[in-house]
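Encoded as structure tokens, the structure appears first; notes follow it.
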Amino acid sequence: MSTVSASVSQAVATLRRGELIGMPTETVYGLAADARNPEAIARIFALKGRPAEHPVIVHLSDAEQMRAWAKDIPERAWQLAKQFWPGPMTLILHKQPGVLDLITGGQDSVGLRVPNHPLALQLLAEFDDGLAAPSANRFGHISPTTAQHVRDEFGDELEMILDGGAAQIGIESSIIDARTPELRILRPGAITAAQIAHLTAVVTTGSALSTPRVSGALQSHYAPRTRTNLCDRTELGASSAEALVLCIATLPTSHDGIALSANPAEYASALYAALRALDARGASQILIERPPRTPAWVAVWDRISRACASA
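Under numbering that gives the first Met the number 0, the first residue of the sequence shown carries the number 0, and numbering increases by one thereafter.
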């Protein structure tokens, strides 16, 4: 039976045996393994059903550990790390020769981040090396933001889950390619283009064809099992009353569902939990109200667009 709310020392011992654990971060819960252990990393891919070419992010306890995983680290990467770590930002850098191909998807780059969660930082400090920790869910499904979500996803297939409460940010980290003079945001998140624009020019891209390949860039991702579509508020009246809705601020009188905050950060924090709750109800369809097309909503747009891509 899987253990929820285990101690950090138990978790470290489990990781050193080459086993996997559920790990809290401020973004989403991760499925963590020793990033130096190829058999453990292979277990991540097998348990998630994750494609082998899809890279995973290595989590570190502090920025200095970047040197063990990346080479030719540019000054702007150190500036970003100083400003935003610990925090919801992943840096793409040139990998050190010893970094496993399983981690990088066979590429010459590696994704690194320092999470801003006290339990995660304690775990990483005691483990004293990198942990590979993609989201703790079946590949393509809704990311988990609580320990219970992880247990719902894997049950007794996962030996241990550290319970760090609900994830504060609620969506995955911003991924920034820091290898070239022009920083590129390969996956939007809580760290925005405006926040890093003072360092150098920034190009944002949501393309699944981005180079390098990064986590969460497939067209269909973060998806409920229930058919899910985007719609305008005005379109809800013409939709089936049997559909469940995810709306902003208030629910329409014609439909059942969940209303989330009109504040984009608060909306993002609650998004995955709301989608999981609606998905569990067995409706024929979920309708997501389109949010504003403003910079503050870019990361939310990315997640809900991918959640609806397979509809």
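Cβ coordinates follow ideal geometry from the N, Cα and C atoms, glycine included.
Can you tell me whether residue i is buried or exposed, with buried defined as 16 or more other CB within 10 angstroms of its CB?
i: N136; result: buried
i: G105; result: exposed
i: M0; result: Because the pLDDT of M0 is 44, which lies under 50, any placement of that residue in the model is unreliable, and the question is left without a value.
i: L208; result: At L208, the pLDDT of 44 sits below 50, so the modelled position is not reliable; the number obtained from the coordinates is stated separately. The residue is exposed, with fewer than 16 neighbouring Cβ atoms inside 10 Å.
i: N36; result: buried
i: H116; result: buried
i: R16; result: exposed
i: H197; result: exposed
i: G236; result: exposed
i: K94; result: buried
i: D61; result: exposed
i: A69; result: buried
i: P294; result: exposed
i: T227; result: buried
i: P96; result: exposed
i: P114; result: buried
Please state whether DSSP places residue i in a helix, a strand or coil.
i: V11; result: helix
i: T89; result: strand
i: L163; result: Note that residue 163 is Gly in the sequence shown, not Leu. In the structure shown, G163 sits in coil (DSSP, three-state: anything other than H, G, I, E or B).
i: A154; result: For the record, residue 154 in the displayed sequence is Gly; it is not Ala. In the structure shown, G154 sits in a helix (DSSP, three-state: H, G or I).
i: S173; result: strand
i: S134; result: strand
i: A258; result: strand
i: I43; result: helix
i: E288; result: strand
i: G21; result: strand
i: T233; result: helix
i: R302; result: helix
i: A222; result: strand
i: L250; result: coil
i: I184; result: strand
i: H140; result: strand
i: L274; result: helix
i: V313; result: Beyond the ends of the chain as shown, which are 0 and 310, falls residue 313; an answer cannot be given.
Taking the alpha carbon of residue i as the point to measure from, which residue in the options has its own alpha carbon closest?
i: T179; options: G21, A295, V27 and P73; result: P73
i: V27; options: E63, L19, A269 and E52; result: A269
i: D128; options: A166, I195, H58 and Q78; result: H58
i: G139; options: R186, F83, P50 and S8; result: P50
i: A12; options: E158, L229 and W296; result: E158
i: D100; options: A34, T249, A261 and W296; result: A34
Once you ignore the five residues that flank residue i on each side, which residues in its own chain have a CB closer than 6 Å to its CB?
i: L274; result: I141 and P223
i: A189; result: P87 and I168
i: E288; result: R232, C246 and I247
i: V244; result: H254, G256 and L286
i: P251; result: L235
i: A242; result: Q284 and L286
i: R42; result: L19
Which residues in the same chain have their Cβ closer than 7 Å to the Cβ of residue i, if we skip the five residues on either side of it in sequence?
i: A76; result: L90, L92 and A177
Residue ranges of each beta strand (DSSP E) within the stretch 59–122, 3 or longer: Correct list: 88–94 and 108–112.
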